[in-house]
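Take a look at the structure below.
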Amino acid sequence: MIGRQWPELGPAAPDAERWSTFTGQKVVLCLFRTFTSVIHGIALMSVFASDSRIAVVYALSPGSAFERGGRELLRSKRAFVIEDPALLLDAKVDLVVTASEKVDFSIFPDTTTFVVPHGLGFHKFVPDAEWSKRSRLSGLVKDEHLRRCAVRQIVTCSDQVDQLREVTPHINGKTVLCGDLSFEVIRNSGLRRPSYRKAFGLKGEQKLVVVTSTWGRQSLLGQARDVIGRLLDRLPREEYRIALVLHPNVWAHKGEGALLSDLKPELAGGVLLVRPEQGWQAAIVAADLVIGDHGSVSLYAAMNGTPFLLAASGDVVVPRTSMATLVSKAPRLRLDDDFPARCRAVIAGEGQLDAQALIDQTVKRPDGTAKRLRNLFYKALGLSHANVPLWQYEAPPPLLHHQPPEANAVRTKLDGSTVTVETCASVNLGKLDRVEKGWKRHLAVPAEGSSLHYRHAASVIIDGAPCSEGGVFERLGALRGYYPRCPVVVVRDGSEHVADVLDKGHYRIQADGDADPVQQTAVLYALIAGGQQPSGGFITKFGAEECKVHISQC
Numbered sequence: 109m110i111g112r113q114w115p116e117l118g119p120a121a122p123d124a125e126r127w128s129t130f131t132g133q134k135v136v137l138c139l140f141r142t143f144t145s146v147i148h149g150i151a152l153m154s155v156f157a158s159d160s161r162i163a164v165v166y167a168l169s170p171g172s173a174f175e176r177g178g179r180e181l182l183r184s185k186r187a188f189v190i191e192d193p194a195l196l197l198d199a200k201v202d203l204v205v206t207a208s209e210k211v212d213f214s215i216f217p218d219t220t221t222f223v224v225p226h227g228l229g230f231h232k233f234v235p236d237a238e239w240s241k242r243s244r245l246s247g248l249v250k251d252e253h254l255r256r257c258a259v260r261q262i263v264t265c266s267d268q269v270d271q272l273r274e275v276t277p278h279i280n281g282k283t284v285l286c287g288d289l290s291f292e293v294i295r296n297s298g299l300r301r302p303s304y305r306k307a308f309g310l311k312g313e314q315k316l317v318v319v320t321s322t323w324g325r326q327s328l329l330g331q332a333r334d335v336i337g338r339l340l341d342r343l344p345r346e347e348y349r350i351a352l353v354l355h356p357n358v359w360a361h362k363g364e365g366a367l368l369s370d371l372k373p374e375l376a377g378g379v380l381l382v383r384p385e386q387g388w389q390a391a392i393v394a395a396d397l398v399i400g401d402h403g404s405v406s407l408y409a410a411m412n413g414t415p416f417l418l419a420a421s422g423d424v425v426v427p428r429t430s431m432a433t434l435v436s437k438a439p440r441l442r443l444d445d446d447f448p449a450r451c452r453a454v455i456a457g458e459g460q461l462d463a464q465a466l467i468d469q470t471v472k473r474p475d476g477t478a479k480r481l482r483n484l485f486y487k488a489l490g491l492s493h494a495n496v497p498l499w500q501y502e503a504p505p506p507l508l509h510h511q512p513p514e515a516n517a518v519r520t521k522l523d524g525s526t527v528t529v530e531t532c533a534s535v536n537l538g539k540l541d542r543v544e545k546g547w548k549r550h551l552a553v554p555a556e557g558s559s560l561h562y563r564h565a566a567s568v569i570i571d572g573a574p575c576s577e578g579g580v581f582e583r584l585g586a587l588r589g590y591y592p593r594c595p596v597v598v599v600r601d602g603s604e605h606v607a608d609v610l611d612k613g614h615y616r617i618q619a620d621g622d623a624d625p626v627q628q629t630a631v632l633y634a635l636i637a638g639g640q641q642p643s644g645g646f647i648t649k650f651g652a653e654e655c656k657v658h659i660s661q662c
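As structure tokens, then:
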């Protein structure tokens with residue numbers, strides 16, 4: 109007679125020993141409740157890499173509004189996931205590790221369970237899923253489970269123990285001081301800064317501005333989203349790239365497709381959207397400036413010594429925490445600020461925060477966290493790790509959502525035979541700032557991949573697709589036919605460009621350096637707008653670069 113079997117439980121099945129290739133395996137269950145806790149849980153489980161004595165399985169503890177994306181990420185990692193939470197009642201595990209304080213600990217009341225914060229400490233009040241009108245301290249296991257289960261709460265400094273004691277006496281004897289794994293990764297990744305910056309597309313002296321938002325109505329995205337658009341509109345692309353890091357809860361609650369649709373203006377403006385599962389640590393290391401709110405990414409950046417501007421916050425911040433210190437001392441960015449001037453000043457050191465003071469308040473032992481976590485986990489399993497290497501790596505390169513800008517608000521300044529070009533996005537089309545004296549502005553858009561509302565408003569339309577031999581003027585005529593009122597339409601001819609200027613004929617544009625089609629065409633437009641004959645060689649300045657652009661009538 110065949111007894112009951114549990115194939116869905118894999119290594120955690122009561123009869124797993126019968127089927128296992130590896131004898132005497134210990135089973136570690138990584139419980140998750142949210143997308144965020146999956147991301148952090150995967151990082152925690154890396155301390156077991158290469159040890160065949162240990163089997164890691166994952167399972168969902170349901171009930172969160174933010175669970176979407178977790179299972180999908182685990183499947184992409186080919187992890188073993190127990191799909192049905194009800195089967196956990198039959199599971200046999202030796203250790204439970206979780207990055208969520210709200211999982212159901214009662215399933216394994218006598219199994220040692222470590223709760224590792226997925227952010228920096230206990231600095232935020234969040235809505236309580238069990239009570240519609242109550243909030244709770246984020247990160248803290250509820251009293252019932254502290255009393256009845258073998259739960260241990262990981263903390264990063266002794267001040268957090270004192271903080272938690274003020275909330276509940278049941279935390280006594282339940283904390284373990286261990287450090288912060290994410291911050292250790294950031295500190296270990298400094299040497300890879302050049303490669304991260306290359307991954308973000310930075311060239312020469314360009315600066316990377318990272319905008320970060322936590323979740324909730326008081327977040328940057330919730331109350332100050334215009335900051336992103338204004339950065340894109342006002343910081344020239346020749347000098348800056350803008351990246352956006354959003355809390356995984358934003359992705360999970362909205363859904364990836366809906367979120368990308370919501371962020372269409374920013375994506376069309378060229379923002380580099382960092383995927384939640386990989387890239388936020390690299391973004392901090394690569395950044396010249398971080399603009400954020402009361403989310404943990406802001407605090408990580410400030411502790412790393414990255415220049416920081418606070419653009420949003422709220423009353424959800426817990427007093428006397430390091431986050432409260434950051435919010436009270438960080439320089440502000442307001443919507444009526446001169447964004448370029450404000451960013452330049454803070455990058456240069458204005459309002460620089462004391463990174464070491466923030467570290468001292470947040471993480472008592474910033475180095476060696478992975479080793480301490482491994483020691484803790486192996487001791488709970490009753491195993492030695494003396495012959496097992498600890499595989500540690502720098503932060504992985506970022507995974508990005510990015511598309512070419514759909515519209516370019518181009519500013520030009522003509523001074524004799526020199527043209528200065530600045531190119532920004534046009535997220536807020538129709539809400540542009542007044543142009544300073546001596547500067548001209550026009551809208552340049554690609555003929556393909558841009559919305560019709562941009563093309564109908566454009567002064568320059570550029571078809572960057574290669575033309576067949578001898579087909580340049582046919583393509584140019586077709587483009588003019590589609591846009592008969594556009595002042596300048598342009599097509600590519602090999603490494604050069606040919607423009608049809610309304611009522612003024614055809615011109616060939618050729619650059620000696622790295623000027624892109626928008627910048628090259630801007631020289632022609634500046635000459636026409638300035639009443640000069642568009643013919644000859646012109647020094648073209650864009651950011652810290654310059655080259656010579658040649659224009660001739662054809």
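To convert, take the position in the sequence shown, counting from 1, and add 108; that gives my numbering.
Beta carbons: idealized from backbone N, C-alpha and C, even for Gly.
Just so you know, these numbers come straight off a predicted model, no measurement behind them.
Helix, strand or coil at residue i according to DSSP, with G and I counted as helix
i           : result
residue 591 : coil
residue 167 : strand
residue 109 : Note that residue 109 has pLDDT 39, beneath the 50 cutoff, so the model's placement of it is unreliable and the number below is only indicative. Residue state, collapsed to three classes: coil.
residue 160 : coil
residue 469 : helix
residue 547 : strand
residue 129 : coil
residue 274 : helix
residue 657 : strand
residue 516 : strand
residue 396 : coil
residue 663 : For residue 663 there is no data in the structure shown, the boundaries of the chain being 109 and 662.
residue 604 : strand
Spatial distance of residue i from residue j (CA atoms)
i           : j           : result
residue 663 : residue 246 : No answer is possible for residue 663: it lies beyond the span of the chain, which begins at 109 and ends at 662.
residue 109 : residue 124 : Since pLDDT at residue 109 reaches only 39, below the 50 mark, its modelled position is unreliable, and no value is offered.
residue 478 : residue 404 : 19 Å
residue 615 : residue 641 : 11 Å
residue 233 : residue 147 : 22 Å
residue 442 : residue 161 : 55 Å
residue 301 : residue 504 : 11 Å
residue 445 : residue 244 : 35 Å
residue 546 : residue 347 : 20 Å
residue 153 : residue 366 : 31 Å
residue 361 : residue 628 : 43 Å
residue 574 : residue 563 : 20 Å
residue 352 : residue 644 : 41 Å
residue 484 : residue 655 : 59 Å
residue 345 : residue 532 : 6 Å
residue 495 : residue 130 : 17 Å
residue 217 : residue 192 : 19 Å
residue 330 : residue 324 : 6 Å
residue 60  : residue 463 : This structure gives no information on residue 60, because the portion of the chain shown stretches from 109 to 662.
residue 165 : residue 303 : 33 Å
residue 409 : residue 392 : 6 Å
C-beta contact flag for residue i and residue j at 7 Å
i           : j           : result
residue 501 : residue 493 : no
residue 489 : residue 134 : yes
residue 646 : residue 525 : yes
residue 349 : residue 314 : yes
residue 318 : residue 258 : no
residue 122 : residue 200 : yes
residue 136 : residue 203 : yes
residue 467 : residue 411 : yes
residue 427 : residue 291 : no
residue 587 : residue 597 : yes
residue 178 : residue 213 : no
residue 652 : residue 522 : no
residue 172 : residue 142 : yes
CB-CB length for residue i against residue j, believed under 8 Å
i           : j           : result
residue 387 : residue 508 : 7 Å
residue 226 : residue 144 : 5 Å
residue 398 : residue 416 : 5 Å
residue 322 : residue 401 : 6 Å
residue 530 : residue 376 : Contact doesn't hold; Cβ gap of about 19 Å is too wide.
residue 625 : residue 557 : Rounded, the Cβ-Cβ distance is 13 Å, inconsistent with contact.
residue 659 : residue 617 : 6 Å
Limits of the beta strand (DSSP E) - the one that residue i falls within
i           : result
residue 476 : Note, residue 476: premise wrong, no beta strand (DSSP E); not H, not E.
residue 262 : 259-263
residue 384 : Taken as a continuous stretch (DSSP letters only), residue 384 belongs to no beta strand (DSSP E), as it is neither H nor E.
residue 530 : 526-533
residue 616 : 613-619
Residue i, enclosing alpha helix (DSSP H) - first and last residue
i           : result
residue 451 : 447-455
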